[in-house]
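Residue numbers (the UniProt record's numbering): 36 to 427.
Just so you know, even glycine gets a beta-carbon here, dropped at the ideal spot from N, CA and C.
Step one of this worksheet: look at the structure below.
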Amino acid sequence: TGQVTLDTGFVNTASCVSSITYIDGDQGILRYRGYPIEQLAEGSTFLESSYLLIHGELPSASQLAEFSGKIQHHTLLHEEMRRFFDGFPRDAHPMAVLSSAVSALSTFYQDSLNPFDKEQVEISTIRLLAKVPTIASYAYKKAIGQPMLYPDNSLGYVENFLRMTFGVPATPYEIDPVAVKVLDMLLLLHADHEQNCSTSTVRLVGSSQANLFASVSAGVNALFGPLHGGANQAVLEMLQQIHTDGGDIQSFVRKVKNKEAGVRLMGFGHRVYKNYDPRAALVKKAAQEVLGRMATPDPLLDLAMQLEEIALADDFFVSRKLYPNVDFYTGLIYKAMGFPTTMFTVLFALGRLPGWIAQWREMINDPETKIGRPRQVYTGYGARDYTPIAAR
Ligand code: CMC
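Below you can see the structure in the form of structure tokens.
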């Protein structure tokens, strides 16, 4: 009761207090637990930053070895879980398969669903981080009709994922160290972003004391949409379409400005960043490096850079403070690595996983947490009398 304030899209409403991630949207600053994203991208790894997000401090060498070792140990999926993938149609979107599989983890690990048991939360944390790459690669293998590969626990986190995704039993898989390094950095850049749509979803679901797997699978579904994580797939489809239509960027930009049929410049704009997205700057640099190594350069990179240049000089985008976001250049790198567009958002989910987990844990441990239950401004009918069907 009391005064209800309408805030569509929660533009001005803080839903929690958090000490995990700091964003200054006007200055383009992003920090995990106080550490600037640029320094982490340069010096840290995805697993080290995951530890940082989840536990609050950078790990010592032995803490990191223990954390990584536990994750390595849990990469295998339950054999029944492997069969779970057979039930989906071949052309299922891997994000839909991923969210279903994450949800299904709560059927296999009923021993660790109590949100208030610290040990159970810890083992669920490890299982999620360990098994989601396996699930993601199986979703891909299912789609292309190749056999699923068991994880190889002698490999590092990203190496293992790349091998399960692109390897086949018939030939030894050769690991490309540049791909490993770049993908590790991209996952790190996606690892947390405070109260975005999927993270808020994870917290909201978790606020009902639903278990970690259930909460994270809801987060995967929130990420699926094209205005959120699905944007990386949408960017590449947009670039491909402009390319197929003859590369006329100006006419595409005109369509966006005229708001024709809701056409947006995908990979541009952000609720919080009203300046360059610091992640986009790092991704752009990586895209130029990775694509620069290719024998035949991808014409879509050039197109993307021209599109960015044109948009940043156009008053429509400037006045609305629309800059490239993290999704603008990532797809080009994923494509160069051999991922199909439908896997792009799955890669985002892999990256965001530690953030969802850290935020869920912060929420569950916060004594101030209440069940998330927004109010509304009702605009429907006042009271009226029911009429029997014969009288309508
Ligand atoms: N292209 C064209 N116009 C845009 C765009 C865009 N990408 N983004 C915003 N606008 C316009 C919008 O039409 C509105 O104009 P007007 O004032 O004339 O009505 C104005 O800019 C403000 O937009 P908004 O929709 O009110 O802003 P928002 O904070 O609600 O939305 C956003 C943020 C990210 C959903 C939006 O910018 C967008 O749809 N971008 C394209 C999708 C995208 O790249 N999403 C990824 C976001 S970053 C990572 C992630 O979360 O996955």
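beta-carbon HIS108 near the ligand CMC non-hydrogen atom, thresh 7 Å: no
ALA45, buried or exposed, once every other Cβ within 10 Å from all chains shown has been counted against 16: In the sequence under discussion, the amino acid at residue 45 is Phe, which differs from the Ala named in the question. Exposed, by the Cβ-count rule.
Assigned exposure category for PRO182 - 16 Cβ within 10 Å defines buried: exposed
Collapsed DSSP secondary structure at LEU65 in the structure displayed: strand
Segment limits, alpha helix (DSSP H) that includes THR200: 192–201
Where PHE352 falls: helix, strand or coil (DSSP): helix
Expected contact under 8 Å - CB spacing of PHE81 and LEU223 to nearest Å: 5 Å
ALA384 beta carbon less than 8 Å from that of ILE55: no
Closest Cα partner of MET329 within the set GLN62, GLN74, GLN145, VAL213: VAL213
Contacting residues, own chain, Cβ-Cβ under 6 Å from TYR173 (five flanking each side not counted): PHE120, MET183
In chain order, each alpha helix (DSSP H) run of at least 4 residues that lies wholly inside the stretch 244–284: 247–259, 266–279
GLN230 classed as buried or exposed, judged by whether at least 16 other C-beta atoms fall within 10 angstroms: buried
The ligand CMC heavy atom lying under 7 Å from the CB of GLY304: yes
Sufficient close CB pairs (3 or more, under 8 Å) joining the stretch 239–259 to the stretch 137–151: yes
Bridge partners - ILE58, DSSP secondary structure assignment: LEU65
Pick from ARG387, GLY302, ARG306, VAL325 that is closest to ALA315, judged by C-alpha positions: GLY302
Straight-line gap, THR414 to LYS292 (C-alpha atoms, nearest Å): 32 Å
Proximity below 8 Å, CB of PHE352 to CB of GLY366: no
Rounded C-alpha distance that separates SER95 from GLY407: 36 Å
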